[in-house]
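Mapping of the sequence shown onto mature numbering (1 follows the signal peptide of the UniProt record, and there is no 0): residues -26 to -1, 1 to 269, in sequence order. Here the structure comes first, spelled out in structure tokens, and everything after it is commentary.
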Amino acid sequence: MIRNMIQLRVNVTTFIVFVCDVYICAQGLICAETPFNHDVHNERVIGGYDAVPNQWKWQVSLQFDSYSDGLFYHICGGTIIDSFHILTAAHCILSMDAHLYRAVVGEHNLYEYDGSEEFLPVERIVVHPGWNGDLAKGNDIAILRLASPVYDNGYVAIANLPYPDQTLPHGFTCYITGWGLMDFGGSIPAILQESPINVVEHSVCSQPEWWGSIALKTMVCAGGDGIISGCQGDSGGPLNCFTDGAWRVHGVVSYGPSGRCNQVKKPTVFTRVSSFQDWMYSCFILTPNNTLTSF
């Protein structure tokens, strides 16, 4: 997360970053839990801060072993969508070798062992077939199949998803969560951060002085006030919105401006989850309780 009043107009960038974090793996089963009660407001709330441990129980730290030496680094966020599957951004996939990734669930402090973590190897990577590496073309979404299931240790939960093609009104307050930079050129926070962030509807976000034509209807824009935004390290993480009586993951962090992340009229852009339900159906069998089962 990042807070700053400085405006700077530059090019688009993804929000990937590397930070070292090395542990062992755990395995087991998971049961979805009712989302926690979080104070929900639709007015503008400024600031990012440490999340309460394990409140956003579906949050994932996606980690990468870039040198195949057993040392894993945080590169992106992700979301638990069932006991075997993680949702993230396609641009977070630096290699199609699944063995170079692991998903850390139940994480809070990247630099300490909290006792709530599970370290799960990735077995298979499914990138949206429409992804071609160009953020402006969209389809920045991927699903990771885990080699072993997430275990319900009380610190993790399956995310609720929005309804197909569901959109959010302008100004609706959601929460962005992740271990992204808190300052331009700064360091990765140890503790998971959360920030309230307001949705910018497509008719505004697609205006020339905002993101213009690269803001597609299959995306969600949020922020753009020069104060709150995602930043390097937040890519692939969730946009959490309280809708229809539950917290639901409406977006996957995709891109923002290069240089300073929190630029006026350059909101953080998310892949809209509700636009990709058909693709998710084509990959998995979606059951009524919003969990996915591989066919």
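Even glycine gets a Cβ: it sits at the ideal position worked out from N, Cα and C.
- Taking every protein chain shown into account, the CB of residue 183 has fewer than 16 other CB atoms within 10 angstroms, so this residue is exposed.
- In the DSSP assignment, residue 221 falls within the unbroken beta strand (DSSP E) covering 220 to 231.
- Assigned with DSSP and collapsed to three states, residue 146 falls in coil, not helix or strand.
- Look at the beta carbons and you see the region 178 to 192 not touching the region 123 to 133: under three pairs across the two are nearer than 8 Å.
- DSSP places residue 133 outside both helix and strand once states are collapsed to three, so it counts as coil.
- DSSP, reduced to helix, strand and coil, places residue 61 within a strand of the structure shown.
- Taking the Cα positions, residue 179 is about 31 Å away from residue 37.
- In the structure shown, the three-state DSSP call for residue 121 is coil.
- When only Cα atoms are considered, residue 114 and residue 92 end up about 26 Å apart.
- Of the residues 223, 162, 118, 240, the one whose Cα lies closest to the Cα of residue 69 is 118.
- Here residue 171 is bridged, per DSSP, to 148.
- When C-alpha distances from residue 108 are compared across 63, 35, 208, the shortest belongs to 63.
- Cβ contact annotation for residue 244 (same chain, cutoff 8 Å, sequence separation greater than five): 193, 194, 195, 196, 213, 224, 225, 226, 227, 228, in chain order.
- Sorting 84, 60, 88 by C-alpha distance to the C-alpha of residue 75 places 60 at the top.
- Contact between residue 165 and residue 202 is absent: CB atoms are separated by about 17 Å, not below the 8 Å threshold.
- Residues 142, 146, 196 of the same chain have their beta carbon placed closer than 6 Å to that of residue 173, with the five preceding and five following residues left out of the count.
- The Cβ neighbour count for residue 26, taken over all protein chains shown within 10 Å, is under 16; the residue is labelled exposed.
- Residue 97 is positioned such that its CB atom lies closer than 9 Å to that of residue 120.
- DSSP lists 119 as the beta-bridge partner residues of residue 98.
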